[in-house]
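Notes follow the structure.
Right, here's the structure in full:
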């Protein structure tokens, strides 16, 4: 990707120096307005975000389950990537990003009908439309994969495949359209740079609902469910962390200073989130755990996501600190108080992070970076209300739609494996394989 | 003939092996095992979920020796494996009724 980025930069240098003009040469003919630096960066960012799901999230999640469920947990991330990519091409992209209906897009781009070498999307007019399509595809993939963490150790693979396909189309696609694709939340002025509502709050709420509907793991609260291999979790965290540079930086949809600001704020939030979680745990539990550190990294990253691209670097530090402390509380106190078994804390990390981050965007947004919208710190109290409105709509729609969807799937494909299969482990019962 | 079975802390294995080699013991069998005694287990905490780990990792070594070596072997193991902390382990000694070297068919003390 470095090579591609430098080629893009090289091309720009040539154009500026007037030494060569690729656009004038028939061999390099392309649509007016397509910028090679932007294109190179978004190609790179697309690769980074896909890497977040496989192997990033697959490792992060698999490291936290028991040994008998490691492959099954990875299989859920894999199938999310495979299935959601195909469905995104078939219909998801068109319904999410084509047309400006308040609630859903159109079917005009089904199977990429009309997407050509020289077409662009209005939201990203300097990169090829096919690149915009696949960049957005990687967000859909990871959101579906994120949900799987809440039902790890007990969900039937067949039911998860149904869930991944239907949830993508009935929950992710509409929400992406509402916020980013021309729908009513974007029109209302909701600020969500890279997916505080669309990705993290969405996955977190869906995960919470799924944890309740599928039910707690057998032996939850009594059996030892210690993670199989936290070293895998650390590797996965590293891949997610770096991938997040593409996730948030790429959401600028251009190779510009805003992308750089998003990356700087993202990295600082990851660090401060991890520090906050580490010190909270050290103080209250006596020891700073590695699981706590990596959880804090993801909490900081999830929380900065909607705000990155709107805020200053030091805002990233503050948002990360709030994220680390709040998600620590949610995972260690709130979860126990409410009694739900969200196996890998999708709600406690992503749900709480997306919730906080979306609201904090309304506090910290800086006009000079956002190119217009401002937050509470710059005297605009109205933005916070819009953010709260977006959060409320997301929670209600995702909560209800996910609940109904799971209940319907359960009618024809049981959500949960049998108790015997659960004891035996999902690797052998669902996939016929096991780690030795 | 005696069979000396010693349960020791895993990180003491090399010191015990060196000590036994030094007094002329030329073979042993080693297994990684789990168990508990007075040390009990410990508690692990993962995002607020506490798990009691009752079985701690130990190493069990088995040494077959002639009767006259027994006291020296026991002393050597104690000297090498002792930290003074709870959880240092135990030594059990039993009689061996027969021993055979599979390759040659040698019996009893000749087989050790």
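Residue numbers (the working numbering), protein chains in the order written: chain A, 7 to 442; chain B, 111 to 222.
No residue lacks a Cβ here, since even glycine has one placed at the ideal position from N, Cα and C.
Look at the alpha carbon of residue 41(A) and the alpha carbon of residue 132(A), and state the distance between them as a whole number of angstroms.
So the two alpha carbons sit approximately 5 Å from each other.
Assigned secondary structure, residue 171(B) (DSSP; H/G/I helix, E/B strand, else coil):
Reduced to three states, the DSSP call for residue 171(B) is strand.
Once DSSP output is grouped into helix, strand and coil, what is the label at residue 30(A)?
The pLDDT assigned to residue 30(A) is 39, lower than 50, so where the model puts this residue is not dependable; a value taken from the coordinates is nonetheless given after this. Collapsing the DSSP output to three states places residue 30(A) in a helix.
Buried or exposed for residue 44(A), going by 16 or more other Cβ atoms inside 10 Å?
Looking at its Cβ environment, which holds 16 or more other Cβ atoms inside 10 Å, residue 44(A) is buried.
Quick one, are the C-beta atoms of residue 363(A) and residue 312(A) less than 8 Å apart?
The answer is yes: Cβ separation under 8 Å.
Output, in chain order, the set of chain B residues within a Cβ distance shorter than 8 Å of residue 337(A).
Near residue 337(A) (Cβ distances below 8 Å), the residues of chain B are 157, 158.
Integer-rounded CB distance, given that residue 120(B) should sit under 8 Å from residue 168(B):
Sure, about 7 Å apart at Cβ, within 8 Å.
Where does residue 266(A) sit, in a helix, a strand or coil, going by DSSP?
Correct three-state label for residue 266(A): helix.
Tell me, please, whether the CB atom of residue 223(A) is closer than 8 Å to any CB atom in chain B?
So, not an interface residue.
What in chain B is Cβ-close to residue 291(A), meaning under 9 Å?
Residues of chain B passing the Cβ test: 155, 158.
Which residues of the region 116-147 of chain B have a Cβ closer than 9 Å to any Cβ of chain A? Give them in chain order.
The residues in question: there are none.
With contact counted as at least three CB pairs below 8 Å, one residue from each stretch, are the region 122-141 of chain A and the region 382-391 of chain A in contact?
When Cβ pairs closer than 8 Å are counted between the two stretches, the region 122-141 of chain A is seen not to touch the region 382-391 of chain A, the count staying below three.
Identify whether residue 166(B) lies in helix, strand or coil by the three-state DSSP scheme.
Strand at residue 166(B).
Compare the C-alpha of residue 316(A) against each of 348(A), 439(A), 377(A), 292(A) and name the closest.
The alpha carbon of residue 316(A) has as its nearest neighbour, out of 348(A), 439(A), 377(A), 292(A), the alpha carbon of 377(A).
If you reduce the DSSP assignment to three classes, tell me which class residue 208(B) lands in.
Reduced to three states, the DSSP call for residue 208(B) is coil.
For residue 130(A), which of helix, strand or coil comes out of DSSP?
In the three-state scheme derived from DSSP, where H, G and I count as helix and E and B as strand, residue 130(A) is classed as strand.
Could you pull the start and end residues of the beta strand (DSSP E) that residue 261(A) belongs to?
Premise fails: residue 261(A) is in no beta strand (DSSP E) and is neither H nor E.
Please name the residue or residues paired with residue 293(A) in a DSSP beta bridge.
Residue pairing by DSSP leaves residue 293(A) without any beta bridge partner.
Going by DSSP, what residues sit across from residue 226(B) in a beta bridge?
Coverage of chain B is limited to positions 111 through 222, which leaves residue 226(B) absent and any answer about it impossible.
Beta-carbon separation (whole angstroms), residue 279(A) vs residue 210(A), contact threshold 8 Å:
Incorrect: roughly 15 Å between the Cβ atoms, too far for contact.
With a floor of 4 residues, list each alpha helix (DSSP H) that falls wholly inside the region 177-225 of chain A, ordered by position along the chain.
Listed in chain order, the alpha helix (DSSP H) runs fully inside the region 177-225 of chain A are 179-185, 190-193, 208-220, counting runs of at least 4 residues.
Which ranges would you report for the alpha helix (DSSP H) in the region 378-420 of chain A if only whole runs of at least 4 residues count?
Runs found: 388-418.
What do you get for residue 111(A), buried or exposed, if any count of 16 or more other CB atoms within 10 angstroms of its CB means buried?
Counting the other CB atoms within 10 Å of its CB gives residue 111(A) a total of 16 or more, which places it among the buried residues.
If you check the beta carbons only, do residue 249(A) and residue 61(A) fall under 8 Å apart?
Judged by beta-carbon spacing, residue 61(A) lies beyond the 8 Å limit of residue 249(A), meaning their Cβ atoms are not closer than that value.
If you reduce the DSSP assignment to three classes, tell me which class residue 92(A) lands in.
DSSP places residue 92(A) in helix when its eight states are reduced to three.
Per the DSSP calculation, residue 139(B) is bridged to which residue(s)?
Answer is 172(B).
Contact list for residue 233(A) against chain B, beta-carbon separation under 7 Å:
Near residue 233(A) (Cβ distances below 7 Å), the residues of chain B are 156.
For residue 257(A), does the count of other Cβ atoms within 10 angstroms reach 16, so buried, or fall short, so exposed?
Buried, since its Cβ has 16 or more Cβ neighbours within 10 Å.
If you measure between the beta carbons of residue 170(A) and residue 150(A), is that distance less than 8 Å?
Cβ distance < 8 Å, so residue 170(A) and residue 150(A) count as in contact.
Less than 8 Å between the beta carbons of residue 231(A) and residue 422(A), yes or no?
It is not a contact, given that the beta carbons lie outside the stated cut-off.
Which residues, in chain order, does the region 313-347 of chain A contribute to contact with chain D at a C-beta distance below 8 Å?
The chain inventory of the structure shown lacks chain D, comprising the protein chains A and B.
Please classify residue 35(A): does DSSP put it in a helix, a strand, or coil?
Confidence is the limiting factor: at residue 35(A) the pLDDT is only 45, short of 50, which leaves the residue's position unreliable, though a coordinate-based value still follows. Residue state, collapsed to three classes: coil.
Measure the beta-carbon distance from residue 117(B) to residue 145(B) and round it to whole angstroms, keeping in mind my assumption that it falls under 8 Å.
Their Cβ separation, rounded to whole angstroms, is 7 Å, which keeps residue 117(B) and residue 145(B) in contact under 8 Å.
Residues that DSSP places opposite residue 354(A) in a beta bridge:
As far as DSSP is concerned, residue 354(A) takes part in no beta bridge.
Return helix, strand or coil for residue 160(B), following the three-state DSSP convention.
Residue 160(B) falls in the strand class under three-state DSSP.
Chain B residues whose Cβ lies nearer than 9 Å to that of residue 75(A):
Neighbours of residue 75(A) on chain B: none; closest Cβ ~15 Å, over 9 Å.
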